[in-house]
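Here the protein sequences line up with chains V and R, keeping their order. For the first sequence, our numbering begins at 1 and goes up steadily by one. For the second sequence, our numbering begins at 98 and goes up steadily by one. Using N, Cα and C, we set each Cβ at its ideal position, and we do this for glycine too. Below is one structure, written out as structure tokens, with a few remarks after it.
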Amino acid sequence: MSDASQDPGLGPGLQRPSADSHALPAAPADRSSEFVAVSGAEEETTSATTMLVSAYIIFWLLLLGFVWMTWRRQQRLAERLRIIETRLASSNTGDHK
Amino acid sequence: MRIHVSHGATFLTVLSGILLTALFLAAAFYAPLAQPEAGGLSQKIFYFHVPAAYALYLCGAVCGIGSAAYLVRPTSSNNAWARAAAECAVIFGLVVLTSGPLWAKKAWGVYWTWDPRLTTLLLSVLIYASVVVLRVFAGDGDAERRFASALGVLGTVNLPIIHLSVRKWGGNHPTVITRGGGGIAPEMRHVLGLGFLAITALAFLLLWIRARNARLSDRIRELEDHLSLSEFSE
Numbered sequence: 001m002s003d004a005s006q007d008p009g010l011g012p013g014l015q016r017p018s019a020d021s022h023a024l025p026a027a028p029a030d031r032s033s034e035f036v037a038v039s040g041a042e043e044e045t046t047s048a049t050t051m052l053v054s055a056y057i058i059f060w061l062l063l064l065g066f067v068w069m070t071w072r073r074q075q076r077l078a079e080r081l082r083i084i085e086t087r088l089a090s091s092n093t094g095d096h097k
Numbered sequence: 098m099r100i101h102v103s104h105g106a107t108f109l110t111v112l113s114g115i116l117l118t119a120l121f122l123a124a125a126f127y128a129p130l131a132q133p134e135a136g137g138l139s140q141k142i143f144y145f146h147v148p149a150a151y152a153l154y155l156c157g158a159v160c161g162i163g164s165a166a167y168l169v170r171p172t173s174s175n176n177a178w179a180r181a182a183a184e185c186a187v188i189f190g191l192v193v194l195t196s197g198p199l200w201a202k203k204a205w206g207v208y209w210t211w212d213p214r215l216t217t218l219l220l221s222v223l224i225y226a227s228v229v230v231l232r233v234f235a236g237d238g239d240a241e242r243r244f245a246s247a248l249g250v251l252g253t254v255n256l257p258i259i260h261l262s263v264r265k266w267g268g269n270h271p272t273v274i275t276r277g278g279g280g281i282a283p284e285m286r287h288v289l290g291l292g293f294l295a296i297t298a299l300a301f302l303l304l305w306i307r308a309r310n311a312r313l314s315d316r317i318r319e320l321e322d323h324l325s326l327s328e329f330s331e
């Protein structure tokens with residue numbers, strides 16, 4: 001069964017979308033390297049400033065959170081080192097007695 | 098005894114701080130406003146979103162190499178780099194996965210689509226997150242390290258698939274860096290370049306510090322075991 005609108009390059013059962021459709025391009029070669037405008041509501045429903053500020057806040061929260069976790073781990077390691085030093089010192093003192 | 102902070106770490110910390118500050122100032126005041134179709138003001142997320150994705154690739158590559166090296170030669174150093182790189186990959190992956198949808202909401206009208214690039218990137222981040230969770234909760238024996246290393250290699254194998262997904266399978270996500278330069282203004286390219294420098298310096302710093310902590314932790318555990326044995330034998 002042949003279909004006139006079927007593109008031989010796409011494989012069985014696939015059709016290239018019509019020019020006036022809003023469907024995504026079917027083939028990678030049709031991909032735009034630039035942003036494609038979204039058609040839809042006339043009024044702005046999402047503030048770009050809100051998105052931008054939220055993204056930067058999340059970036060800094062993730063980064064600072066990771067730095068804080070690293071600092072805490074380092075503090076725990078320093079504490080374990082201190083305990084080792086204490087045990088070494090006490091075992092050396094015991095040897096000298 | 099204090100844990101010594103090397104000159105290299107201090108230098109990277111200062112450099113990262115300066116570059117990050119310069120990046121955010123440049124993004125705010127030097128980079129031009131993008132067209133509304135690209136998200137308008139929210140397009141400025143681009144200047145750390147893209148570098149964070151490449152930092153994810155960098156950390157993923159280090160994790161893959163460290164993991165493969167540990168499977169071949171199980172040393173504390175290889176394990177430390179694999180572990181540190183997985184942790185850093187998760188952080189940069191989370192930056193990409195949170196900043197991208199916020200920008201996409203303005204540019205595409207939706208926070209998320211099951212686009213090939215987004216889906217494969219989510220898969221990689223989930224793999225690295227599972228590596229981290231495994232290392233934290235499943236103990237730190239050789240078997241657990243080997244299992245985590247195998248997962249780390251798997252996560253890295255997925256990285257080229259993320260990069261090539263747009264070219265091979267299409268989808269919403271644009272091909273960012275192309276031979277033609279990506280179709281962005283010169284000022285945007287300058288700020289993006291600064292973003293790559295800043296985030297890469299940050300990635301190196303975080304990798305170095307986490308790997309050093311992991312090696313230190315191993316060494317401390319060896320000393321504790323040695324002390325316990327010697328006290329027991331007494």
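Within chain R, partners of arginine 98 of chain V - CB distance below 7 Å: Because chain V spans 1 through 97 in this model, residue 98 of chain V falls outside it and cannot be assessed.
Got a sec: is the Cβ-Cβ distance from alanine 89 of chain V to anything in chain R below 8 Å? For the purposes of this step, residue 89 of chain V is taken as residue 89 along the first sequence, with counting starting at 1. No - not a single Cβ of chain R is within 8 Å of the one on alanine 89 of chain V.
What residues from chain A crowd round arginine 307 of chain R, counting only those whose CB sits closer than 7 Å? Of the protein chains in the structure, V and R, none is chain A.
Counting only beta-carbon atoms, is phenylalanine 145 of chain R nearer than 8 Å to chain V? Stepping through the second sequence from its first residue, residue 145 of chain R is reached at position 48. By this cut-off, phenylalanine 145 of chain R is an interface position.
Using the Cβ count rule (16 or more neighbours within 10 Å means buried), how would you classify valine 230 of chain R? Residue 230 of chain R sits at position 133 when you count from the first residue of the second sequence. Classification of valine 230 of chain R: exposed, given that the 10 Å Cβ count is below 16.
Output yes if chain V places a C-beta closer than 8 Å to the C-beta of tryptophan 209 of chain R; else output no. In the second sequence, residue 209 of chain R corresponds to position 112, counting from 1. Judged by the 8 Å Cβ criterion, tryptophan 209 of chain R is not in contact with chain V.
Residue from R:Ala123, R:Cys160, R:Leu261, R:Ala311 whose Cα sits closest to the Cα of aspartate 237 of chain R: Taking the first residue of the second sequence as position 1, residue 237 of chain R is located at position 140. That would be R:Ala311, whose Cα lies nearest to the Cα of aspartate 237 of chain R.
Which value, in whole angstroms, describes the spacing of the CA atoms of alanine 150 of chain R and arginine 80 of chain V? Reading the second sequence from its first residue, position 53 is the one you call residue 150 of chain R. Reading the first sequence from its first residue, position 80 is the one you call residue 80 of chain V. Near 36 Å, if we compare the C-alpha coordinates of arginine 80 of chain V and alanine 150 of chain R.
So with Cβ pairs under 8 Å, would you call leucine 81 of chain V a contact of chain R? Position 81 of the first sequence, counted from the start, is the residue given in the question as residue 81 of chain V. True, the Cβ-Cβ gap to chain R drops below 8 Å.
For leucine 130 of chain R and arginine 243 of chain R, the rounded distance between their alpha carbons: Residue 243 of chain R sits at position 146 when you count from the first residue of the second sequence. Residue 130 of chain R sits at position 33 when you count from the first residue of the second sequence. Arginine 243 of chain R and leucine 130 of chain R have their alpha carbons spaced roughly 48 Å apart.
Can you tell me whether glutamine 132 of chain R is helix, strand or coil according to DSSP? The residue you call residue 132 of chain R lines up with position 35 of the second sequence. Reduced to three states, the DSSP call for glutamine 132 of chain R is coil.
Beta carbon of valine 193 of chain R, beta carbon of leucine 153 of chain R: below 8 Å? Working through the second sequence from its first residue, we reach residue 193 of chain R at position 96. Working through the second sequence from its first residue, we reach residue 153 of chain R at position 56. Yes, they are a contact pair.
Counted within 10 angstroms of its Cβ, other Cβ atoms place glutamine 140 of chain R as buried (16 or more) or exposed: The residue given as residue 140 of chain R occupies position 43 in the second sequence. Buried, since its Cβ has 16 or more Cβ neighbours within 10 Å.
Considering serine 227 of chain R, what are the terminal residues of the alpha helix (DSSP H) in which it resides? Counting from 1 along the second sequence, the entry for residue 227 of chain R is found at position 130. Element bounds for serine 227 of chain R: 213-234.
Would a check of beta-carbon distances place serine 103 of chain R closer than 8 Å to chain V? On the second sequence, residue 103 of chain R is found 6 positions in, with the first residue counted as 1. It does not; no Cβ of chain V falls within 8 Å.
Please decide whether tryptophan 200 of chain R counts as near chain V, where near means a Cβ-Cβ distance under 8 Å. Residue 200 of chain R sits at position 103 when you count from the first residue of the second sequence. Closer than 8 Å: yes.
Hey, could you find the ends of the alpha helix (DSSP H) lysine 202 of chain R is sitting in? What you label residue 202 of chain R is simply residue 105 of the second sequence in a count that begins at 1. It spans 173-204 - the alpha helix (DSSP H) in which lysine 202 of chain R sits, taken as one unbroken run.
For the alpha helix (DSSP H) containing isoleucine 115 of chain R, list its first residue and its last residue. Looking up residue 115 of chain R in the second sequence gives position 18. 104-126 is the extent of the alpha helix (DSSP H) around isoleucine 115 of chain R.
Using the Cα positions of phenylalanine 293 of chain R and phenylalanine 145 of chain R, report the straight-line distance between them to the nearest angstrom. Position 196 of the second sequence, counting from 1, holds the residue named residue 293 of chain R. Position 48 of the second sequence, counting from 1, holds the residue named residue 145 of chain R. Taking the straight line from one Cα to the other gives about 8 Å.
At the level of alpha carbons, what is the spacing between arginine 76 of chain V and isoleucine 306 of chain R? In the first sequence, residue 76 of chain V corresponds to position 76, counting from 1. In the second sequence, residue 306 of chain R corresponds to position 209, counting from 1. Going from the Cα of arginine 76 of chain V to the Cα of isoleucine 306 of chain R covers about 15 Å.
Let me confirm a value: glycine 278 of chain R is counted as buried when at least 16 other C-beta atoms fall within 10 Å, else exposed. Which label applies? Locating residue 278 of chain R in the second sequence gives position 181, counting from the first residue. Bear in mind that a pLDDT of 49 at glycine 278 of chain R, under 50, signals an unreliable position, so the number given afterwards is only what the model happens to contain. Here glycine 278 of chain R is exposed. Its C-beta has fewer than 16 other C-beta atoms within 10 Å.
Given leucine 219 of chain R as reference, the closest of R:Leu191, R:Ile115, R:Arg232, R:Ala128 once Cα atoms are compared: Locating residue 219 of chain R in the second sequence gives position 122, where the first residue counts as 1. Measuring from the Cα of leucine 219 of chain R, the nearest candidate turns out to be R:Leu191.
Sorted by chain position, which residues of the same chain lie with C-beta nearer than 7 Å to leucine 304 of chain R's C-beta, five sequence neighbours on each side aside? Working through the second sequence from its first residue, we reach residue 304 of chain R at position 207. Result list for leucine 304 of chain R: Cys156, Val159, Ala181, Ala182, Cys185, in chain order.
Considering only the beta carbon of each residue, do glycine 161 of chain R and threonine 217 of chain R sit closer than 8 Å? The residue given as residue 161 of chain R occupies position 64 in the second sequence. The residue given as residue 217 of chain R occupies position 120 in the second sequence. No, Cβ-Cβ distance for glycine 161 of chain R and threonine 217 of chain R is not below 8 Å.
Cβ shell of valine 207 of chain R (< 7 Å), same chain only, five flanking positions each side left out: Stepping through the second sequence from its first residue, residue 207 of chain R is reached at position 110. By the criterion of a C-beta distance shorter than 7 Å, valine 207 of chain R is surrounded in its chain by Ala201, once the five residues flanking it on both sides are discounted.
Between isoleucine 58 of chain V and serine 196 of chain R, is the Cβ-Cβ spacing less than 8 Å? Taking the first residue of the first sequence as 1, we reach residue 58 of chain V at position 58. Taking the first residue of the second sequence as 1, we reach residue 196 of chain R at position 99. Taking 8 Å as the Cβ cut-off, isoleucine 58 of chain V and serine 196 of chain R qualify as a contacting pair.
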